[in-house]
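Reviewing the structure listed below.
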């Protein structure tokens, strides 16, 4: 079963909840290797679960389309469970910042639903930084419109974002880790009762010869992509989808890692397996992996 499902709220849903699941096709892309080693340092009402198709490029970053404003301005964003902010390049991005200039840019002057906030925004990743300011507008995903969404207009992006095909990042973590200190898009979808259940799930295709095939489902799960039943785990770290992992068994009796249990984070924005160096050295040796000399990874 190649599906990751995350439940962020539990409880009894009353009859006012809509009943439609939304499926969003995703694309997949890869930027420079160093951009894969990101680590956050801080930090319409249509009715049924919604689907977003994801696209990919060389099997690294899964991204899909959204629109912001009225009329809608189009952007592709990485759907990232490892962070909790939405940011996209601003039309006010500095001209000398080539990272912003290579992507679609939001222009508040063309949106009738824009509301200024102006508070400074700054988020730092291990290999880069995004700076700008906060704004408010409507966000449309798979035909569903989220009202009063606070997001960041980026006026400066570090070099690692220059060759990234997506325009920005849409965080699917919990807002307790948000640099903006604002509710996430998904949390607003839940509070505005746009989904039948406070659940989202990913199907991540392993067919890297095709730039599509992965799917983000909002409001539930898509049985077209799995058989059997789910196993539910307790989330044990505020803000992150972190859980206790019992162990890692290598195929054909090649060994066991994490023998006494360890903590793990499900992060859709990181296409790497990251762990303690002693454990990953054993794993890479068994896999026959070779070091990538241009970045801190294998």
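In mature numbering (1 follows the signal peptide of the UniProt record, and there is no 0), the protein residues as written are -18 to -1, 1 to 280.
Backbone N, C-alpha and C fix where the C-beta goes; we use that ideal spot for every residue, glycine too.
None of the values given here were measured: they were computed from a predicted structure.
Rounded to the nearest angstrom, what separates residue 156 and residue 245 at their Cα positions? In the chain shown, the residue the question calls residue 156 occupies position 174. In the chain shown, the residue the question calls residue 245 occupies position 263. Roughly 18 Å between the two C-alpha positions.
Which of helix, strand or coil does DSSP assign to residue 264? What you label residue 264 is simply residue 282 of the chain shown in a count that begins at 1. In the structure shown, residue 264 sits in a helix (DSSP, three-state: H, G or I).
Just to confirm, is the Cβ distance from residue 201 to residue 184 under 9 Å? As a first step, residue 201 must be located in the chain shown, where it is residue number 219. As a first step, residue 184 must be located in the chain shown, where it is residue number 202. Taking 9 Å as the Cβ cut-off, residue 201 and residue 184 do not qualify as a contacting pair.
Element boundaries [alpha helix (DSSP H), containing residue 140]: Here the question's residue 140 lines up with position 158 in the chain shown. Unbroken run through residue 140: none, as it is neither H nor E.
Over what stretch of residues does the alpha helix (DSSP H) that includes residue 170 continue unbroken? Counting from 1 along the chain shown, the entry for residue 170 is found at position 188. Where residue 170 is concerned, the enclosing alpha helix (DSSP H) stretches over 167 to 173.
Using a 10 Å radius around the Cβ and a threshold of 16 neighbouring Cβ atoms, would you call residue 168 buried or exposed? The count along the chain shown starts at 1 and reaches residue 168 at position 186. By the neighbour-count rule (16 or more Cβ atoms within 10 Å), residue 168 is buried.
Identify the continuous beta strand (DSSP E) that holds residue 246 and give its terminal residues. In the chain shown, counting from the first residue as 1, residue 246 sits at position 264. Residues 244 to 247.
So the beta strand (DSSP E) residue 86 belongs to, where does it begin and stop? Along the chain shown, read from residue 1 onward, the residue named residue 86 stands at position 104. Careful: residue 86 lies outside any beta strand (DSSP E) and carries neither H nor E.
Go through its chain and collect everything with a Cβ distance to residue -9's Cβ below 7 Å, but skip five positions before and after it. Numbered from 1 along the chain shown, position 10 holds the residue referred to as residue -9. At residue -9, the pLDDT of 34 sits below 50, so the modelled position is not reliable; the number obtained from the coordinates is stated separately. Hits under 7 Å: none found.
Unbroken stretches of the beta strand (DSSP E), 3 residues or longer, contained in the segment 203 to 234: 224 to 227 and 230 to 232
Compare the Cα-Cα distances from residue 252 to each of 154, 230 and 174 and report the closest residue. Along the chain shown, one-based indexing puts residue 252 at 270. Ranking the options by Cα distance to residue 252, first place goes to 154.
Return the chain-ordered list of same chain residues with a C-beta closer than 6 Å to the C-beta of residue 111, the five sequence neighbours on each side being excluded. For the purposes of this step, residue 111 is taken as the residue at position 129 of the chain shown. So the list reads 140, once near-sequence residues are dropped.
Terminal residues of the beta strand (DSSP E) in which residue 113 lies: For the purposes of this step, residue 113 is taken as the residue at position 131 of the chain shown. 110 to 123 is the extent of the beta strand (DSSP E) around residue 113.
Check each candidate in 3, 136, 217 and 127 and name the one with the smallest Cα separation from residue 113. As a position in the chain shown, residue 113 is number 131, starting the count at 1. Ranking the options by Cα distance to residue 113, first place goes to 136.
On the DSSP letters alone, give me the boundaries of the beta strand (DSSP E) that residue 53 sits inside. Along the chain shown, read from residue 1 onward, the residue named residue 53 stands at position 71. No beta strand (DSSP E) holds residue 53; DSSP gives it neither H nor E.
Just tell me which of 161, 229, 70 and 74 has its CA closest to the CA of residue 47. Taking the first residue of the chain shown as 1, we reach residue 47 at position 65. Residue 70 is the option with its Cα nearest to residue 47.
If we ignore side chains and look at the alpha-carbon of each, how far apart do residue 149 and residue 58 end up? Locating residue 149 in the chain shown gives position 167, counting from the first residue. Locating residue 58 in the chain shown gives position 76, counting from the first residue. Residue 149 and residue 58: Cα-Cα distance of roughly 5 Å.
Could you give the distance in angstroms between the alpha-carbon of residue 209 and the alpha-carbon of residue 95? As a first step, residue 209 is located in the chain shown; it is residue number 227 there, counting from the start. As a first step, residue 95 is located in the chain shown; it is residue number 113 there, counting from the start. Their backbone Cα atoms lie some 43 Å apart in a straight line.
Pairwise C-alpha distance: residue 132 and residue 27: Against the chain shown, residue 27 aligns to sequence position 45. Against the chain shown, residue 132 aligns to sequence position 150. Caution applies to residue 27, whose pLDDT of 40 falls short of 50 and renders its modelled position unreliable; the model cannot decide the point.
Straight-line gap, residue 103 to residue 163 (C-alpha atoms, nearest Å): Against the chain shown, residue 103 aligns to sequence position 121. Against the chain shown, residue 163 aligns to sequence position 181. Answer to the nearest angstrom: the Cα atoms are 10 Å apart.
Give me the residue from 44, 51, 213 and 266 with the minimum Cα distance to residue 92. The residue given as residue 92 occupies position 110 in the chain shown. Residue 51 is the option with its Cα nearest to residue 92.
From this set, 101, 106 and 118, which residue's C-alpha is nearest residue 88's C-alpha? Within the chain shown, the letter at position 106 stands for residue 88. The option with the nearest alpha carbon to residue 88 is 118.
Could you work out which residue in 218, 243 and 90 is closest to residue 53 when comparing CA atoms only? Translated into positions along the chain shown, residue 53 becomes position 71. Here the closest residue by C-alpha is 90.
Identified DSSP bridge partners for residue 131: Along the chain shown, read from residue 1 onward, the residue named residue 131 stands at position 149. According to DSSP, residue 131 bridges with 119.
Whole-number beta carbon distance between residue 250 and residue 67, since they are thought to touch under 8 Å: Position 85 of the chain shown holds residue 67. Position 268 of the chain shown holds residue 250. With a Cβ gap of about 15 Å, residue 67 and residue 250 do not count as contacting.
Could you tell me which residues DSSP puts in a beta bridge with residue 102? Along the chain shown, one-based indexing puts residue 102 at 120. For residue 102, which the question treats as bridged, DSSP gives the partners 115.
Relative to the C-alpha of residue 222, which residue among 173, 248, 256 and 147 is closest? Walking along the chain shown from the start, residue 222 turns up at place 240. When only C-alpha atoms are compared, the closest one is 248.
What is the DSSP secondary structure of residue 158, counted as helix, strand or coil? Walking along the chain shown from the start, residue 158 turns up at place 176. Here residue 158 sits in helix by DSSP.
So residue 220 and residue 158 are supposed to be a Cβ contact under 8 Å. How far apart are they, rounded? Within the chain shown, residue 220 is the residue found at index 238, counting from 1. Within the chain shown, residue 158 is the residue found at index 176, counting from 1. So it is a contact: roughly 5 Å between Cβ atoms.
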